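The letter at position 77 of the sequence shown is residue 599 when you use our numbering, and the numbering goes up by one with no holes.
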Amino acid sequence: MDDLDRLLAETMHRAVDSAPSEAGLLHTVHDRAHRYRRRRIVTRLSAVALVVAVGVPAAAVIATRPDPAVVPPSSPATATADRRVTLVDGWTAPTFPYTLPAKDGMTAPIASVDGGKPIAFFEATELRHHADVTVTVSGSRPTFTTSATEQPMRVRGKTGTFRTVDVSPAKQLTLYWRESSTRWIQLATDDTYTPEQVVSLADSLSPASIRVLPPFDLDRSPAGLVADSVTASRMTFRTPSSAPGRAGFRTVLREQRQLTGVNRKVNGDDAVLTRRADRVTLAVDVTYWEATLEVTVDDGLTISDSDLLRYAEGVTILNRSNPE
523 MDDLDRLLAE
533 TMHRAVDSAP
543 SEAGLLHTVH
553 DRAHRYRRRR
563 IVTRLSAVAL
573 VVAVGVPAAA
583 VIATRPDPAV
593 VPPSSPATAT
603 ADRRVTLVDG
613 WTAPTFPYTL
623 PAKDGMTAPI
633 ASVDGGKPIA
643 FFEATELRHH
653 ADVTVTVSGS
663 RPTFTTSATE
673 QPMRVRGKTG
683 TFRTVDVSPA
693 KQLTLYWRES
703 STRWIQLATD
713 DTYTPEQVVS
723 LADSLSPASI
733 RVLPPFDLDR
743 SPAGLVADSV
753 TASRMTFRTP
763 SSAPGRAGFR
773 TVLREQRQLT
783 GVNRKVNGDD
793 AVLTRRADRV
803 TLAVDVTYWE
813 ATLEVTVDDG
823 LTISDSDLLR
833 YAEGVTILNR
843 SNPE
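See below:
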């Protein structure tokens, strides 16, 4: 053994006591691998549109993907597995990018996001000359599940499509068009307006920044995820790479239900934390609201029990919320 070999052997021998155990090393490896009024129809009317998701800025994200070499080509969903959710302080609401001119007989817009769809709802308060209007913005051509009469219509200097669905008590009118190479706009109302008036409404849309009003205040939010739904009863988030409507972090206010197997407390209220192989759910009996707050994390996302409880403790239900 020469001097170099002897020096190396002595160094390795001295390092034995400080080396991690096999169990500790395995834990470290695993740990790093995780990571008959229509105010309420603001979210329901939007179901006919396929629109672009609104992003939520985040201060940080901790996400480690598995080695692509070990992911079966036939199972793309597993490529996003084992992503640990961490929390950041606060939350910034997304915005809707257009508005209509303010006028008597119409309320200011209420903005929401539903399944990745940003929506602005303008309620009519005078019903003889005005009707409710819903505007959505899309990254692709809207799709519809109902049959309709369609005709081309010139709008904002472009060729759009005017749809008429003949139903009672009022025909449903929808005008949609490609605003730019990356954006479609859809305006939905009823036959209180003539086709010419619908086009005039669309022509009057102007750039704006309408803040989405959430049902909850969040002291903490999931880092690196984007808002997928913000409605009167739910706030959901997904990873930027997930398709709109595929939210893996969901907070839903439900009508009160009986909890069984209470094993946690959240702000003094009974709660049940349930873990399964593919998801974790925390249900909280919010007594002062006579409702159940349900937080679910799945779709390949993971979260520690302590962070899940911290998140739920920071959720404040606002008066505008509406249990589903």
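Glycine is no exception: its CB is placed at the ideal position from the N, C-alpha and C atoms.
Keep in mind that this is a model prediction, so the values were computed, not measured.
THR782 sits in coil when the DSSP states are folded into three classes, being neither helix nor strand. In this structure, DSSP gives ALA805 an extended state, which the three-state scheme calls strand.
Within a 10 Å sphere around the beta-carbon of LEU649 sit fewer than 16 other beta-carbons, which makes this residue exposed.
Secondary structure of PRO737 (DSSP, three-state): coil. Note that the C-beta distance between ARG705 and GLY661 is below 8 angstroms.
Its Cα nearest to that of THR667, the residue ARG685 stands out among LEU740, ARG676, VAL659 and ARG685. In this model, LEU747 and PRO762 are separated by some 6 angstroms (Cα to Cα). In the three-state reduction of the DSSP assignment, TYR620 falls in the strand class, which pools E and B.
Out of SER764, ARG832, ILE732 and ASN785, the CA that lies nearest to the CA of LEU823 is found in SER764.
ALA793 is not a Cβ neighbour of PRO845, given a cutoff of 8 angstroms. Per the Cβ contact rule, the stretch 697–711 is not in contact with the stretch 728–737 (fewer than 3 Cβ pairs under 8 angstroms).
For VAL607, the three-state secondary structure derived from DSSP is coil. A Cβ-Cβ distance of about 7 angstroms is found for the pair ALA642 and TYR620, placing them in contact under the 8 angstroms criterion. Under DSSP, the beta-bridge partners assigned to ASP792 are LYS787. In its chain, beyond the 5 residues on either side, PHE644 and THR711 have a beta carbon closer than 6 angstroms to the beta carbon of VAL655.
Cβ contact annotation for SER755 (same chain, cutoff 8 angstroms, sequence separation greater than five): PRO737, VAL774, LEU775, ARG776, SER843, ASN844, PRO845 and GLU846, in chain order.
Short of 7 angstroms from the beta carbon of VAL677, and not among the five residues preceding or following it, lie these beta carbons of its own chain, in chain order: LEU697, TRP699, VAL721, ALA724 and ASP725.
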